[in-house]
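*Asks:*
2 protein chains.
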Amino acid sequence: MARVTSADVARESGVSRTTVSYVLNAKDGVVITDATRQRVLDAAARLGYTPSAAARTLRSGRSDLVLCVLPDWTVGPVIDTLIDHLTTALAEHGLSVLVHSGRGKGSLADLWRAVTPCAVLGLAPFDEADTHAMRQAGIPVVGTALDEDPHPEIFSVPQADIGGLQVEHLAERGHRVLAYAAPSDDRLAAFADRRLAGARAVCERLGLPEPRVAPVDLDVASAVAAVRQWRSGDDPVTAVAAYNDEVALAVLAGLRAEGLRVPDDVAVIGVDDISAARLAAPALTTVWQAIDAQASYLAASVLTALGLAHDPPQRTSDVFHVVQREST
Amino acid sequence: MARVTSADVARESGVSRTTVSYVLNAKDGVVITDATRQRVLDAAARLGYTPSAAARTLRSGRSDLVLCVLPDWTVGPVIDTLIDHLTTALAEHGLSVLVHSGRGKGSLADLWRAVTPCAVLGLAPFDEADTHAMRQAGIPVVGTALDEDPHPEIFSVPQADIGGLQVEHLAERGHRVLAYAAPSDDRLAAFADRRLAGARAVCERLGLPEPRVAPVDLDVASAVAAVRQWRSGDDPVTAVAAYNDEVALAVLAGLRAEGLRVPDDVAVIGVDDISAARLAAPALTTVWQAIDAQASYLAASVLTALGLAHDPPQRTSDVFHVVQREST
DNA sequence: CTGAAAGCGCTTACAG
DNA sequence: CTGAAAGCGCTTACAG
Chain A
1 MARVTSADVA
11 RESGVSRTTV
21 SYVLNAKDGV
31 VITDATRQRV
41 LDAAARLGYT
51 PSAAARTLRS
61 GRSDLVLCVL
71 PDWTVGPVID
81 TLIDHLTTAL
91 AEHGLSVLVH
101 SGRGKGSLAD
111 LWRAVTPCAV
121 LGLAPFDEAD
131 THAMRQAGIP
141 VVGTALDEDP
151 HPEIFSVPQA
161 DIGGLQVEHL
171 AERGHRVLAY
181 AAPSDDRLAA
191 FADRRLAGAR
201 AVCERLGLPE
211 PRVAPVDLDV
221 ASAVAAVRQW
231 RSGDDPVTAV
241 AAYNDEVALA
251 VLAGLRAEGL
261 RVPDDVAVIG
271 VDDISAARLA
281 APALTTVWQA
291 IDAQASYLAA
301 SVLTALGLAH
311 DPPQRTSDVF
321 HVVQREST
Chain B
1 MARVTSADVA
11 RESGVSRTTV
21 SYVLNAKDGV
31 VITDATRQRV
41 LDAAARLGYT
51 PSAAARTLRS
61 GRSDLVLCVL
71 PDWTVGPVID
81 TLIDHLTTAL
91 AEHGLSVLVH
101 SGRGKGSLAD
111 LWRAVTPCAV
121 LGLAPFDEAD
131 THAMRQAGIP
141 VVGTALDEDP
151 HPEIFSVPQA
161 DIGGLQVEHL
171 AERGHRVLAY
181 AAPSDDRLAA
191 FADRRLAGAR
201 AVCERLGLPE
211 PRVAPVDLDV
221 ASAVAAVRQW
231 RSGDDPVTAV
241 AAYNDEVALA
251 VLAGLRAEGL
261 RVPDDVAVIG
271 VDDISAARLA
281 APALTTVWQA
291 IDAQASYLAA
301 SVLTALGLAH
311 DPPQRTSDVF
321 HVVQREST
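Residue numbers (full-length UniProt numbering), protein chains in the order written: chain A, 1 to 328; chain B, 1 to 328.
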């Protein structure tokens with residue numbers, strides 16, 4: 001079964017390949033008789049014609065592929081959801097999202113040169129050099145910034161706000177001596193540092209002492225060590241803001257192992273609202289993120305960069321909020 | 001900055017494009033002088049030449065892309081890990097894994113025809129028709145079977161064994177009246193049914209009554225309803241095998257809400273060994289899967305199908321084992 | 001050992 | 001309104 005080409009469709013419908021192309025690509029400025037159009041469309045359907053992406057890409061120098069580069073750390077359910085939304089949103093415009101979990105294997109340069117994507121979406125910050133090279137080659141790059149950024153082509157989740165929101169919540173509940181449970185994975189440092197900075201800033205604004213920071217692995221022993229440190233001294237910590245829900249779950253386990261009650265002795269708040277958060281004992285208070293809004297924004301950024309957007313990207317206001325449960 | 005083509009490399013090194021191609025593709029059967037080879041290699045490096053994937057694909061009718069189609073349900077950390085391993089393994093052979101989270105949007109047929117992948121990897125069972133069409137078009141399809149399958153191009157995780165292993169573990173711990181906590185998401189039914197069938201088979205073999213099945217959502221209310229049902233009657237359930245760790249966590253929450261002790265009143269075992277499992281209270285006993293071995297097998301299957309493998313896929317024996325914690 | 005030429009399937013000026 | 005022709009960048013018989 002050889003591939004069906006536009007020449008086949010042309011023959012079948014008795015027109016030239018030019019006409020087939022015009023009909024199928026709904027080129028405006030070119031007018032085609034309704035009868036002809038219908039004949040072509042019918043023939044294409046009958047033959048099961050699908051244009052060759054390779055040929056099209058070679059011709060136009062640009063594919064329908066949006067290369068989405070993931071960071072090299074394990075991403076988790078939040079990013080999965082984000083990508084799902086993104087895939088759906090861009091599919092409506094005929095774009096396919098190609099996700100690359102770039103574990104540092106091979107350079108990004110080789111990848112994008114080989115794939116010829118129509119746009120590159122970075123879910124983790126890129127090298128300056130890489131970004132520059134892609135822009136040079138005319139490929140729109142939608143990047144990710146960790147903080148507020150005025151450029152619409154930069155997708156920014158104000159990480160600092162997340163940390164700030166956690167502290168505000170804990171302060172409202174009457175806590176004064178706070179801890180920050182940081183991830184132990186260095187690759188998360190860029191995110192964690194921003195969130196921590198936000199937490200620090202709010203502490204300062206509210207006149208609270210600096211949060212006491214300790215790294216927490218996703219196991220009980222590590223959490224116990226952190227808890228002991230936090231509870232030592234004259235002014236023991238009474239509330240912990242965790243980098244995310246998994247870290248918060250570890251803190252919960254450490255507290256439990258140390259015989260401390262949550263939230264009476266120590267309160268805990270996470271980030272992400274994973275399903276395990278609401279099933280934990282006690283159920284975990286957390287910061288919910290509007291992933292779908294983020295995905296829409298990202299999709300709109302890509303479409304804008306490609307000149308395909310009807311609307312410019314719209315920032316939503318309710319990007320985060322605290323989901324109050326039993327742990328605070 | 002126009003794209004660097006093989007013609008540029010040819011000019012720069014003073015040879016023809018034919019020779020450039022021969023050198024760069026290490027075509028055997030063709031012998032090139034060392035001096036020439038080196039000149040070409042140098043020129044390519046100097047110019048930063050990357051062959052156009054589009055042109056190559058158009059020419060050969062086959063790209064370097066391995067299309068990996070995910071099922072339409074949320075996949076979770078296990079599949080993330082699997083894909084990571086796969087990406088790394090196939091990258092060593094110059095293949096890029098393109099993950100498509102096909103939420104049923106658009107037909108698979110359109111996707112593969114458009115992408116021209118060199119192989120398609122299905123992480124969920126495909127339509128007969130789709131598989132057939134791809135094979136017709138000469139694209140190797142590595143599929144997923146839910147049970148043991150003798151074909152090497154079929155990747156099979158014997159789901160039934162997972163359910164069986166859970167029951168064996170619970171029976172060893174002295175339990176006789178078992179329940180099966182099924183996922184409420186219909187899209188998981190294919191997997192859940194297999195695991196349940198395995199659990200049933202082992203119950204029968206060991207002379208235990210059939211497991212009592214109830215669907216459990218990832219929230220407390222749903223789990224409470226299931227627990228009440230399981231504990232009602234003359235012969236209350238004393239152990240629950242859950243579809244996966246998340247469902248098991250929900251069951252734990254339901255048990256807790258009902259004031260039942262784990263494992264004294266009711267034991268619980270999950271599947272996957274997610275990080276929340278070891279952080280739960282009590283820590284969750286679960287079935288660990290050798291994801292890396294599965295990924296290697298899958299990668300080897302793809303390479304074999306492509307005639308690139310040195311070794312045929314090797315099935316590992318230790319695909320699963322029980323990680324015993326406090327919940328059983 | 002190396003080069004000139006054809007052709008993969010598409011789109012798009014350019015003519016009619 | 002529609003067609004003949006060129007060309008995107010590559011690889012590979014086919015000649016030298």
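Each residue gets a CB set at the ideal place from its N, CA and C atoms; glycine is no exception.
1) Under 8 Å, with one C-beta from each stretch per pair, do the region 3–22 of chain B and the region 40–48 of chain B reach the 3-pair mark?
2) So V40/B and V23/B are supposed to be a Cβ contact under 8 Å. How far apart are they, rounded?
3) Within its chain, find whatever has a CB closer than 6 Å to the CB of P263/B; leave out the 5 residues flanking it on each side and keep chain order.
4) For V9/A, decide whether its Cβ has a neighbour in chain B, counting only Cβ atoms nearer than 8 Å.
5) Taking 8 Å as the cut-off, does the region 248–268 of chain B touch the region 221–231 of chain B (at least 3 CB pairs, one atom from each stretch)?
6) For V157/B and R113/A, what's the separation of their Cα atoms in angstroms?
7) Starting from F126/A, follow its DSSP beta bridges and name the residues at the other end.
8) Should C203/A and P215/A be called a contact, given that it needs their Cβ atoms to be closer than 8 Å?
9) Can you check whether the C-beta of L306/A is within less than 8 Å of a C-beta belonging to chain B?
10) Per DSSP, what are the beta-bridge partners of I269/B in this structure?
11) Starting from the C-beta of Y49/A, find all residues in its chain whose C-beta is less than 6 Å away, skip the five residues before and the five after it, and write them out in chain order.
12) State yes or no: is the C-beta of L178/B within less than 8 Å of the C-beta of A239/B?
13) Count the CB pairs spanning the region 73–92 of chain B and the region 296–305 of chain B that are closer than 8 Å, and state whether there are at least three.
14) D186/B versus chain A: which residues are under 8 Å apart at the beta carbon?
15) From the beta carbon of S275/A, is the nearest beta carbon of chain B less than 8 Å away?
16) Considering only the alpha carbon of each residue, which of V266/A, D185/A, G138/A lies closest to G307/A?
17) Note down the Cα distance separating L249/B from A133/B, rounded to an integer number of angstroms.
18) Would you mind giving the Cβ-Cβ distance between V66/A and S96/A, rounded to the nearest angstrom? I have them listed as a contact below 8 Å.
19) Does chain B have any CB closer than 8 Å to the CB of D292/A?
20) When DSSP builds the beta bridges, which residues end up paired with F320/B?
21) Given that A114/A touches chain B, what residues does it touch there, using C-beta distances under 7 Å?
22) Interface residues of chain B around V220/A at Cβ under 9 Å?
23) Thinking C-beta only, is D245/A closer than 8 Å to L284/A?
24) Measuring only between beta-carbons, confirm whether T57/A sits less than 8 Å from chain B.
25) Within the region 140–211 of chain B, note down every full alpha helix (DSSP H) run reaching 4 residues or more, in order along the chain.
26) Check for me: the beta strand (DSSP E) holding V4/A runs from which residue to which?
27) To the nearest whole angstrom, what separates the beta carbons of G198/B and I162/B, a pair I think is in contact under 8 Å?
28) Would you kindly report the start and end of the unbroken beta strand (DSSP E) that includes H100/B?
29) Please compile the residues from chain B whose C-beta is within a distance smaller than 8 Å of the C-beta of R256/A.
30) Which residues mark the beginning and the end of the alpha helix (DSSP H) in which V23/A is found?
31) Please identify the residue among T116/B, V115/B, C118/B, L108/B whose C-alpha is closest to the C-alpha of residue 329/B.
32) Are there 16 or more other CB atoms within 10 angstroms of the CB of L206/B, so buried, or fewer, so exposed?
33) Find the residues of chain A that neighbour D42/B, judging by a C-beta separation of less than 9 Å, and give them in chain order.
34) Sorry if obvious, but does the Cβ on L252/B come closer than 7 Å to a heavy atom of the ligand FMN?
35) Report the option in S222/B, L196/B, A277/B whose CA atom is closest to the CA atom of V220/A.
36) Is it buried or exposed, A7/A, if we count other Cβ atoms within 10 angstroms and call 16 or more buried?
*Replies:* Let me lay it out:
1) yes
2) 4 Å
3) Its chain contains S327, T328 as the residues whose beta carbon lies nearer than 6 Å to that of P263/B, once the 5 sequence neighbours on both sides are disregarded; these appear in chain order.
4) no
5) yes
6) 36 Å
7) DSSP output for F126/A lists no bridge partner at all.
8) P215/A sits away from C203/A, with the two beta carbons spaced by 8 Å or more.
9) So no, L306/A is outside the interface.
10) BP columns for I269/B point to A241/B, T285/B.
11) Cβ-Cβ distances below 6 Å link Y49/A to V4, V9 in the same chain, with the five nearest sequence neighbours on each side left out; the list follows chain order.
12) Contact flag set, yes.
13) Yes, since at least three Cβ pairs between the region 73–92 of chain B and the region 296–305 of chain B fall closer than 8 Å, the two stretches touch.
14) Result: empty, since nearest Cβ-Cβ is about 18 Å, beyond 8 Å.
15) yes
16) Out of V266/A, D185/A, G138/A, G138/A has the C-alpha closest to the C-alpha of G307/A.
17) 42 Å
18) 7 Å
19) no
20) Note: F320/B sits in a beta bridge opposite Q289/B.
21) By Cβ distance, chain B contributes T50, A53.
22) R278, L279, A283
23) yes
24) yes
25) 159–172, 189–205
26) Premise fails: V4/A is in no beta strand (DSSP E) and is neither H nor E.
27) 6 Å
28) DSSP places H100/B inside the beta strand (DSSP E), whose first and last residues are 96–101.
29) A281
30) 17–25
31) The question about residue 329/B has no answer here: the residues shown for chain B are numbered 1 through 328.
32) exposed
33) Simply none; closest approach about 18 Å.
34) As for the ligand FMN, it is missing from this structure, which has no ligand bound.
35) A277/B
36) exposed
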